[in-house]
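What follows is a set of notes on a single structure, which appears directly below.
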Amino acid sequence: MSNILVTGGAGFIGSNFVHYLIRETHYNVTVLDKLTYAGNRASLSDLAEDRFSFVEGDIADAVLVNRLVRDADAVVHYAAESHNDNSLNDPRPFVDTNILGTYALIEAARRHDVRFHHISTDEVYGDLELDDPDRFTETTPYNPSSPYSSTKAGSDLLVRAWVRSFGLRATISNCSNNYGPYQHVEKFIPRQITNVMDGVRPRLYGEGLNVRDWIHADDHSSAVLTILERGRLGETYLIGADGEQNNKAVIESILEIMGEPADAYDHVVDRPGHDLRYAIDSTKLRTELGWFPQYSDFRAGLEATVQWYRDNEPWWRPQKAAAEAKYQLTGQ
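Numbering (UniProt numbering), first residue to last: 1 to 332.
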């Protein structure tokens with residue numbers, strides 16, 4: 001491979017992957033991104049154009065997608081509508097992007113016999129009880145609980161069907177919750193960090209006992225590259241870094257890191273269908289492909305993330321007012 005097309009490469013996880021590719025490999029990278037509110041061209045502004053190019057467009061545009069996929073050696077598909085609250089307010093964009101957009105991409109990849117890697121989420125598996133000793137594995141049945149997770153589950157199944165029915169050269173990865181640079185301020189961790197910076201008390205859904213399995217975006221990027229280069233075609237790999245933390249512990253850690261009292265936050269009414277716990281078993285990825293996370297200490301990764309938002313206010317400040325206005329409409 002020499003030319004990689006990254007969809008959604010101006011978003012949070014996608015932009016981190018693009019930076020990782022340029023920094024760690026010799027590949028040339030083309031980004032296709034619609035630049036919705038979650039995509040930010042500034043996330044890629046420091047990349048030299050000798051190995052990087054950007055195309056603004058919709059993954060559901062079959063003509064554009066066909067042209068870009070034809071010229072690629074591999075496609076890494078990050079582009080997705082991915083915010084649970086937004087999917088509850090208006091599910092239609094999630095169907096359009098996550099289902100129809102994925103269809104356009106895999107049809108083009110099939111037509112041109114291009115290697116395809118599909119990025120998905122652990123939320124397709126539903127949730128676990130807080131005291132459940134088990135974790136999600138590649139054989140866990142799908143049980144999505146929101147328009148977001150159900151459309152991501154649908155896109156996973158499309159890829160699996162195209163592998164079996166048409167011989168699509170594809171792999172899938174389902175990852176736990178990411179944190180790190182370039183994440184939109186509507187998301188949990190950057191919202192709390194930027195609120196504290198603005199002197200605003202953070203808000204916590206319910207009692208904050210919901211558990212997420214956190215992974216730094218650089219670790220996600222290294223795992224995806226490992227799967228792209230060495231993964232077995234047709235296989236699914238779960239990506240996780242053993243970073244289980246409940247939301248209460250995360251918000252208290254952020255406050256402590258930022259020099260505030262650990263209890264300086266408010267509780268708000270929980271959102272509908274809020275999954276209790278996610279937990280990833282990444283044994284297959286580690287034993288079969290030899291991948292291991294570099295950020296094994298969540299607190300250290302969180303400290304680095306807080307510092308990034310402190311150092312990069314011009315990147316996130318333009319997003320902040322609009323994100324908070326949306327939350328205020330729902331009392332969150």
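For every residue, glycine included, the Cβ atom is placed at its ideal position computed from N, Cα and C.
query                                                                                                       : result
Candidates Asn-66, Val-75 and Ser-120: closest to Glu-81 by CA position                                     : Ser-120
The stretch 141-158 touching the stretch 176-186, judged by at least three CB pairs closer than 8 angstroms : no
Proximity below 9 angstroms, CB of Tyr-37 to CB of Gln-319                                                  : yes
Bridge-paired residues (DSSP) for Tyr-295                                                                   : Per DSSP, none; premise fails for Tyr-295.
Buried or exposed by the 16-neighbour rule on C-beta atoms within 10 Å, applied to Arg-135                  : buried
Length at least 4, wholly inside the stretch 232-276: the alpha helix (DSSP H) runs in chain order          : 247-257
Alpha carbon of Ala-108 to alpha carbon of Ala-322, nearest angstrom                                        : 36 angstroms
Test item: CB-CB of Ala-170 and Gly-259 under 9 angstroms                                                   : no
Proximity to residue 369 [Cα-Cα], best of Met-197, Ala-249 and Cys-175                                      : Only positions 1 to 332 of the chain appear in this structure, which leaves residue 369 out of reach.
Start and end residues, beta strand (DSSP E) containing Ala-10                                              : No beta strand (DSSP E) holds Ala-10; DSSP gives it neither H nor E.
Three or more C-beta pairs below 8 angstroms linking the stretch 63-73 and the stretch 120-129              : no
Element boundaries [alpha helix (DSSP H), containing Ser-2]                                                 : Run containing Ser-2: none; DSSP gives neither H nor E here.
Three-state secondary structure assigned by DSSP to Ser-155                                                 : helix
Three-state class that DSSP yields for Tyr-142 in the structure shown                                       : coil
Within 9 angstroms, strictly: CB atoms of Gly-240 and Ile-215                                               : yes
Proximity below 9 angstroms, CB of Leu-255 to CB of Pro-202                                                 : yes
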